[in-house]
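Trainee: First, the structure itself, so that you have it in front of you.
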Amino acid sequence: MELIELKKLRKKLGLTQHDLAVKSNVSQSLIAKIESGNIDPSYSNAKKIIETLQNLNKTSEKIAKNMMQRNIIFLKHDETLKSAISIMRKHNISQMPIKKQDKVIGFISESILIDTLLEGSYSIVADVMEPTPPILPLNANQSAVAGLLKYYPLILIEEKGNMIGIITKSDLLKSIY
487 MELIELKKLR KKLGLTQHDL AVKSNVSQSL IAKIESGNID PSYSNAKKII
537 ETLQNLNKTS EKIAKNMMQR NIIFLKHDET LKSAISIMRK HNISQMPIKK
587 QDKVIGFISE SILIDTLLEG SYSIVADVME PTPPILPLNA NQSAVAGLLK
637 YYPLILIEEK GNMIGIITKS DLLKSIY
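In my numbering, the protein residues as written are 487 to 663.
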């Protein structure tokens, strides 16, 4: 973390300059001078402030357990695309993981279905699915979830080898706002 980010992170955490000063064991005027760019703090003071902000940021961050939906609806690998569309419409969802026996083998999304149907190919979901989505533990932090959701439409959450939750971009947005 850079000192120029100090004010932004402090405000994100809902701290006043005084709060941060007390938690970091430095003066409030030092925080104000650093934020305004009027002073370069000593290494020890900068370290105290940065460590305090990092620790507070970690504890304020949500984890997967608090963002996930527990009701996972899976498609079977041999379901037809028509059936997949029907299930997705019925449950008002945009993407679904796919299982073969008890193992997750991929996922399908509205985008995949649209592309497939526009090409005129009709088949089963296993023929058009994407590879297995990321699988994270219950305690994965919000940053890890957000990073993966930039590249995948869904993330599965597992505990002791069992899929117990799903997180989509919509779930992440709900947890942030």
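The beta carbon of each residue, even a glycine, is placed where N, CA and C say it ideally should be. Treat the numbers as computed from the prediction; the structure is a model and nothing was measured.
What do you get for TYR529, buried or exposed, if any count of 16 or more other CB atoms within 10 angstroms of its CB means buried?
Mentor: exposed
Trainee: Should the segment 571 to 583 be called in touch with the segment 553 to 562, which here means at least 3 C-beta pairs below 8 Å?
Mentor: yes
Trainee: Using C-beta distances below 8 Å, list every residue in its chain close to MET615, excluding the 5 sequence neighbours before and after it, in chain order.
Mentor: HIS563, ILE584, ILE591, GLY592, PHE593, ILE594 and ILE598
Trainee: So what does SER609 bridge to, in DSSP terms?
Mentor: Answer is none; SER609 lacks a bridge partner.
Trainee: On the DSSP bridge list, what partners appear for ILE584?
Mentor: LEU561 and GLY592
Trainee: What are the boundary residues of the alpha helix (DSSP H) that GLU521 is part of?
Mentor: Its alpha helix (DSSP H) spans residues 514 to 522.
Trainee: For MET574, report the span of its beta strand (DSSP E) as first-last.
Mentor: No beta strand (DSSP E) contains MET574, which is instead part of the alpha helix (DSSP H) from 567 to 577.
Trainee: Which partner residues does ILE525 have in the DSSP bridge list?
Mentor: Paired residue(s): none; ILE525 is not in a bridge.
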